[in-house]
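J.: Residue 283 in my numbering is what sits at position 142 of the sequence shown, and the numbering runs on without skipping anything.
Virtual Cβ for every residue (Gly too), placed ideally from N, Cα, C.
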Amino acid sequence: SSGINAEYGGQLSTEEQRELASWIVPDTGKCTGTERARYAQIRLEQLAESKDQELSLYTQLIENLVYLLWRHIHHYTVHALPDSDSQPHKKQLLSSQDSIKQLTRELSLHLTDPFLKKIVDFCSSKNTSTVTSSFTSALVRRLRKLIAV
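1. Mind checking Tyr-208: buried by the 16 CB within 10 Å criterion, or exposed?
2. Tell whether a beta-carbon distance below 8 Å holds between Cys-264 and Ile-203.
3. What did DSSP end up calling Cys-264 once you bin it into helix, strand or coil?
4. Would the stretch 234 to 252 and the stretch 177 to 184 be scored as touching if the rule is three or more Cβ pairs under 8 Å?
5. Counting only the same chain and skipping the five closest in sequence on each side, list residues whose C-beta sits under 6 Å from that of Ser-249.
6. For the alpha helix (DSSP H) that contains Tyr-199, what are its first and last residues?
7. For Leu-198, count neighbouring Cβ atoms within 10 angstroms of its own Cβ and tell me buried if that reaches 16, exposed if not.
8. Gln-158 and Ala-189 - do their beta-carbons sit closer together than 8 Å?
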């Protein structure tokens, strides 16, 4: 991150350096060009770190949402429908069964392969933990199996 910021820091105009440095030192008019460039580099490093943390939080959020999605779809498509031998006794149960069957039919329209691939790719590229990346990949594989049923 520091090497990238140093590279871009040298390409910044004086005005851009002043703007970035002003986050570190309010009065950049008293700074030399070298100091201003260094302060701008520090600010770029802070921004990069902030974005890394933000992406890490997004990755965790996506992983948790994929887990919740899989858990709910698994429950409703595998456990909520009665066996073909059992007879439902309530009209409400029939309505729920129809909704679940409709959900099952429409899953492939909403959870497309490109969408699921983007989830796996995003979590794999933003995550340093192969365990968490593998977890997300496994959940997506399970979602695909439920969609294919």
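T.: For this structure:
1. Exposed is the call here.
2. Contact flag set, yes.
3. Three-state DSSP puts Cys-264 in a helix.
4. They do not touch, by the three-pair rule.
5. Closer than 6 Å at the Cβ level, and outside the excluded window around Ser-249, lie Ile-288.
6. From DSSP, the alpha helix (DSSP H) with Tyr-199 extends over 174 to 215.
7. Classification of Leu-198: exposed, given that the 10 Å Cβ count is below 16.
8. When the beta-carbon positions are compared, Ala-189 and Gln-158 stay at least 8 Å from each other.
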